[in-house]
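Reading through the structure tokens given below for one structure.
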Amino acid sequence: MSRIKEFPLPDLAEGLTEGEIISWLVSVGDIVELNQPVVEVETAKAAVEIPAKWAGRVHAIFHKEGTVVEVGVPIFAIDTQPDAGELPTSSQPDEALPTPSAEALAAVELAPADAAVEPGLIGGPAPGGRTAILVGYGPRTTAAKRRPRKAAAATSATPAAVAGNRTGPVTNGAGPAAVAPAAPVTTAPTPLAPTPAAAPVPARPVVPVQAQRSGPVLAKPPVRKFAKDLGVDLTALVGSGPLGSISREDVERAAANAATAAEPTVTTTPATVAAFGPDREQRIPVKGVRKLTAENMARSAFTAPHVTEFLTVDVTRSMKALDRLRELPDWRDVRVSPLLLVAKAVLLAVRRHPMVNSTWAGDEIVVKDYVNLGIAAATERGLIVPNIKDAGRLTMRELADAMTGLVQTAKAGRTAPAEMSGGTLTITNVGVFGVDTGTPILPPGESAILAFGAVREMPWVHKGKIKIRKVTTLGLSFDHRIIDGELGSKFLRDVGAFLTDPEAALLGWT
């Protein structure tokens, strides 16, 4: 058995087909331990640190930072016997890295491969039912620590060509001959005309349409579903993936009738886009969280008939209640914000109006007896909506801790994909930006979302007199297929009533 183990990019969340290499946390030649973070990968749902599946020495890094890699494609290799001496030469082909066979590739594309082990969870679920983001393999004997990245000179080992669809591999100089020779693949685009054998070929070539094929079509289940939704016949495509496998991009190009040369794929992030050119324009690639958000918002906006209602309420008593809460000994180390009371108000109002916490499922409405409360969070990567599982069962203190942890994790870019799935009802706090309210778009699968505006001191009629009070405006968007105007109005009224007098509401509703 070869001592060189290749690690393919795993499916980090159900349905994901690719990920972008954000940063390498190790360099070629580094010694790594089991479950030590090796690379940070960004998917459409989260940024995830992927740990080493084996202990040993980093033998090769197959992709540069900024490269988009499909699930199942090897991203690095580890020498599991670094103390066994130099690697054997190419005269011993049985020890060389094998080129994947058609059968092996089909196993990767159409079913879970042995190499792409289903990622486990280190340490199991965190308190409160939240899932740890770091995936791991085998028993965890020590805490995984991030190894400082090496200087650029540390990765200047002589590159060697490796088998498979990879870009710019860097290998351990101790034994480059152990890697089977193959033509390297680069990210530079090439024309459609034939080129010399020594010239690089594109990682994602343009996909022409051809006559019906006779053999099986290599495509992952999500790609097949995507093609079916767009009405694209996979048998009429030439895939750009390994051994002709069809990718999501191939389907998109076919749907757009883009049989001619495409523009080169830009792999820079918005933060690294070049300065304005002579035309005073920038072109920022749409990918990752931004791409997923755009798809979800467009699908929701043009599927669910949205209605938005507004309510302005006096929250002076709520602000005083928060001040008293902060003074309690058990709450002194807890972050208490107005959003906490808004969340509690929503959870209590759902008990009175459970239909608000439901999903339209075509020929039926699914009403849920649990509330996975989503909290919209603006991050450097874009807008994400992680949710607190079964938030209605939490005490006020548990809810505060869960919200604090959720926001901190989101800001750090460490939200797990599981934390962003299964939401049933969402709050978006636009007030932190100084905005009074908004008309939010429903997250797919949800029937209501509440916008919480800024709390301002304003003249207000209180007990027959005009006084300066603390006031905010709420905006509730809901799916009119499920929620009638009466139900939406009553739900919003009850949320406002709680914020107007939280102590009385708690006594009367619980």
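Heads up, the final residue of the sequence shown is numbered 510 in full-length UniProt numbering, and it's a clean run with no missing numbers. Backbone N, C-alpha and C define an ideal beta-carbon position, used for all residues, glycine too.
| task | Tell me Pro51's beta-bridge partners as DSSP assigns them. | result | When DSSP reads this structure, Pro51 sits in a beta bridge with Pro37.
| said: Once the 5 residues before and after Ala497 are set aside, which same chain residues still bring their CB inside 7 Å of it? | reply: Only Ala505 meet the Cβ criterion.
| If you draw a straight line from the alpha carbon of Val495 to that of Leu341, how long is it in whole angstroms? | Approximately 10 Å between the Cα atoms of the pair.
| Does DSSP classify Asp401 as helix, strand or coil? | Residue state, collapsed to three classes: helix.
| task | For the alpha helix (DSSP H) holding Glu309, just list the boundary residues, first then last. | result | Run containing Glu309: none in the alpha helix (DSSP H); it sits in the beta strand (DSSP E), 306-314.
| task | Please work out which residues of its chain come closer than 6 Å, Cβ to Cβ, to Arg493, disregarding the five sequence neighbours upstream and downstream, and give them in chain order. | result | The beta carbon of Arg493 sits closer than 6 Å to none of the beta carbons in its chain outside the five residues before and after it.
| task | List the whole-angstrom C-beta distance separating Val38 from Gly19, where the pair is believed to meet the contact cut-off of C-beta under 8 Å. | result | Contact doesn't hold; Cβ gap of about 13 Å is too wide.
| Going by DSSP, which residues form a beta bridge with Asp79? | Beta-bridge pairing links Asp79 to Ile4, Arg57.
| query | Are there three or more Cβ pairs, one per stretch, closer than 8 Å when the stretch 405-419 is compared with the stretch 346-361? | reply | Verdict: no, contact absent.
| field | Pair within 8 Å by beta-carbon distance, Val313 and Thr67 | value | Taking a C-beta distance under 8 Å as the contact criterion, Val313 and Thr67 do not qualify as a contact pair.
| Counterpart residues of Arg456 in DSSP-defined beta bridges | Arg456 has Val471 as its beta-bridge partners, per DSSP.
| request: Output yes or no for whether 8 Å exceeds the beta carbon distance between Leu9 and Gly72. | output: Yes.
| query | Once you ignore the five residues that flank Asn372 on each side, which residues in its own chain have a CB closer than 8 Å to its CB? | reply | Contacts found: Asn387, Ile388, Lys389, Asp390, Ala391, Gly422, Gly423, Thr424, Leu425.
| said: Using beta carbons (cut-off 8 Å, strictly below), is Val251 in contact with chain C? | reply: Here chain C cannot be found, since the structure has a single protein chain.
| field | Touch test, the stretch 300-319 against the stretch 378-387, Cβ-Cβ under 8 Å, three pairs minimum | value | Under the three-pair Cβ rule at 8 Å, the stretch 300-319 does not count as touching the stretch 378-387.
| query | Is Leu450 closer than 8 Å to Asp479 when the C-beta atoms are compared? | reply | No, the Cβ-Cβ distance between Asp479 and Leu450 is not below 8 Å.
| request: Go through its chain and collect everything with a Cβ distance to Thr141's Cβ below 6 Å, but skip five positions before and after it. | output: Any reading at Thr141 needs caution, since the residue's pLDDT is 41, under 50, leaving its predicted position unreliable; the model's value is listed next. Taking Thr141 as the centre and dropping the five residues before and after it, the same chain places no C-beta closer than 6 Å to its C-beta.
| Do the stretch 286-301 and the stretch 459-470 touch if we need at least three Cβ pairs shorter than 8 Å? | The stretch 286-301 vs the stretch 459-470: no contact.
| field | At least three beta-carbon pairs within less than 8 Å, the stretch 314-322 to the stretch 333-349 | value | Contact holds: three or more Cβ-Cβ distances are below 8 Å.
| query | Which stretch, first to last residue, makes up the beta strand (DSSP E) that contains Thr426? | reply | Per DSSP, Thr426 is one residue of the beta strand (DSSP E) stretching across 425-428.
| query | For Leu406, does the count of other Cβ atoms within 10 angstroms reach 16, so buried, or fall short, so exposed? | reply | Flag for Leu406 reads buried.
| task | Tell whether a beta-carbon distance below 8 Å holds between Gly438 and Gly464. | result | The answer is no: Cβ separation not under 8 Å.
| With burial defined as no fewer than 16 other Cβ atoms inside 10 Å of the residue's Cβ, what is the status of Pro329: buried or exposed? | Answer is exposed; the Cβ neighbour count stays below 16.
| Cα-Cα separation between Arg253 and Gly288, rounded to whole angstroms | A direct Cα-Cα distance of roughly 19 Å separates Arg253 from Gly288.
| query | From what residue to what residue does the beta strand (DSSP E) around Ala378 run? | reply | DSSP places Ala378 inside the beta strand (DSSP E), whose first and last residues are 377-379.
| task | Mind checking which residues open and close the alpha helix (DSSP H) that includes Gly488? | result | Per DSSP, Gly488 belongs to the alpha helix (DSSP H) from 485-500.
| query | Can you tell me the Cα-Cα spacing of Ala343 and Ile427, whole angstroms? | reply | Per the coordinates, the alpha-carbon of Ala343 lies some 7 Å from the alpha-carbon of Ile427.
| field | Distance between beta carbons of Ala227 and Leu234, contact taken as under 8 Å | value | Your pair Leu234 and Ala227 checks out as a contact, with CB atoms roughly 5 Å apart and the cut at 8 Å.
| query | With 16 as the cutoff for other CB atoms within 10 Å, does Leu507 come out buried or exposed? | reply | Under this definition Leu507 is an exposed residue.
| field | Sequence-distant residues of the same chain with beta carbon closer than 6 Å to Thr359, five excluded per side | value | Residues of the same chain with a CB within less than 6 Å of the CB of Thr359, apart from the 5 flanking positions on each side, are Val366, Gly445 in chain order.
| Which two residues bound the contiguous beta strand (DSSP E) that contains residue 586? | Past the edges of the chain, shown from 1 to 510, lies residue 586, and the structure says nothing about it.
| query | Where do the ends of the beta strand (DSSP E) carrying Ser358 lie? | reply | Per DSSP, Ser358 belongs to the beta strand (DSSP E) from 358-360.
| said: By alpha-carbon positions, which one of Asp436, Ala60, Asp250, Asp83 ends up nearest to Ala77? | reply: Per the Cα distances, Ala60.
| Under three-state DSSP, which class holds Lys465? | If DSSP states are grouped into helix, strand and coil, Lys465 belongs with the strands.
| message | Quick test of your reading: Arg481 and Ala361, contact by CB under 8 Å. State the CB separation rounded to the nearest angstrom. | response | About 11 Å separates the beta carbon of Arg481 from that of Ala361, a gap too long to meet the 8 Å contact definition.
| request: Tell me, please, which residues DSSP counts as bridged to Ser23. | output: In the DSSP output, where bridge partners are listed per residue, Ser23 has Glu40.
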